[in-house]
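Everything on this sheet refers to the single structure shown next.
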Amino acid sequence: MTDKQQLRRYIAQEKKKHSSETLDQLSDRLLQQLEQHPRFRAARTLLLYHSLPDEVRTHTFIERWSREKHLILPAVLPDNTLELRHYTGPHDLRTGAYGISEPVGQLLADYRSIDLALIPGVAFDSHHNRLGRGKGYYDRLLPQLPAYKIGLCFHFQLLDGPLPTEPTDIPMDEILTDQGTF
Ligand code: ADP
Ligand code: MG
Numbered sequence: 163m164t165d166k167q168q169l170r171r172y173i174a175q176e177k178k179k180h181s182s183e184t185l186d187q188l189s190d191r192l193l194q195q196l197e198q199h200p201r202f203r204a205a206r207t208l209l210l211y212h213s214l215p216d217e218v219r220t221h222t223f224i225e226r227w228s229r230e231k232h233l234i235l236p237a238v239l240p241d242n243t244l245e246l247r248h249y250t251g252p253h254d255l256r257t258g259a260y261g262i263s264e265p266v267g268q269l270l271a272d273y274r275s276i277d278l279a280l281i282p283g284v285a286f287d288s289h290h291n292r293l294g295r296g297k298g299y300y301d302r303l304l305p306q307l308p309a310y311k312i313g314l315c316f317h318f319q320l321l322d323g324p325l326p327t328e329p330t331d332i333p334m335d336e337i338l339t340d341q342g343t344f
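Heads up: the sequence shown at position 49 corresponds to 211 in the numbering used here, and the numbers run straight through without jumps.
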């Protein structure tokens, strides 16, 4: 087993120590901080993600902010890459790979129009390295985005590190947890 796989298992264990209600509360706390963040306030076009149950929970947040800002969401393609589509509302979603709600709206034509990218991760470290679920989705997407990148995670997913990395792993510009920004 690789170091990365061991770390993914360790984080899965840590997550089990928190109830779904607690993860909701921690998510709200984190997203309230995000709303105050100068980069978020200034951003007009944002890349977000629809959360899986064990990720920082973004569904309500997306619904609310879609009226104020221009939101972009990823959709998983069969070749294990992500495409980016405009989010227009809950009517414009279908369930994609992993049971994630993905937009069916217009494809994002110009990736440079994204001002801020909010990225989920299994773990991050204090050097801003990111560990994903092991398919490299964001490692292939992020080199195409000049946007400022903030990794979102619960405090117990931020490790002192350093995380094991490969040259293809793309670091974040900043990590935001329910306990603050790093
Ligand atoms: P994750 O980022 O989801 O944690 P990994 O970093 O372990 O996953 O990457 C998963 C696999 O995808 C690895 O074999 C990695 O080498 C490969 N990979 C990642 N980024 C790229 C890329 N830009 N081009 C080709 N392969 C990549
Ligand atoms: Mg990676």
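Glycine included, C-beta positions come from ideal geometry on N, C-alpha and C.
Bounds of the alpha helix (DSSP H) holding K178 are 165 to 178. Scanning L321, E245, R274 for the CA closest to the CA of R302 turns up E245.
In this structure, DSSP gives I337 an extended state, which the three-state scheme calls strand. Here Y211 is buried: its Cβ has 16 or more other Cβ atoms, across all protein chains shown, within 10 Å. Taking a contact to require three or more Cβ pairs closer than 8 Å, the stretch 305 to 316 and the stretch 230 to 244 do not qualify as touching. Each of K166, V284, R292, L293, G294, R295, G296, K297, G298, Y299, Y300, D301, R302, P305, E328, T330, D331 has a C-beta closer than 7 Å to some heavy atom of the ligand ADP; these make up the full list, in chain order. Contact annotation: D277 and T207 have beta-carbon atoms nearer than 7 Å. If you compare the alpha carbons of L320, D272, A309, D190 with that of G294, the shortest gap goes to L320. The alpha carbon of L214 has as its nearest neighbour, out of T257, L192, H253, K179, the alpha carbon of T257.
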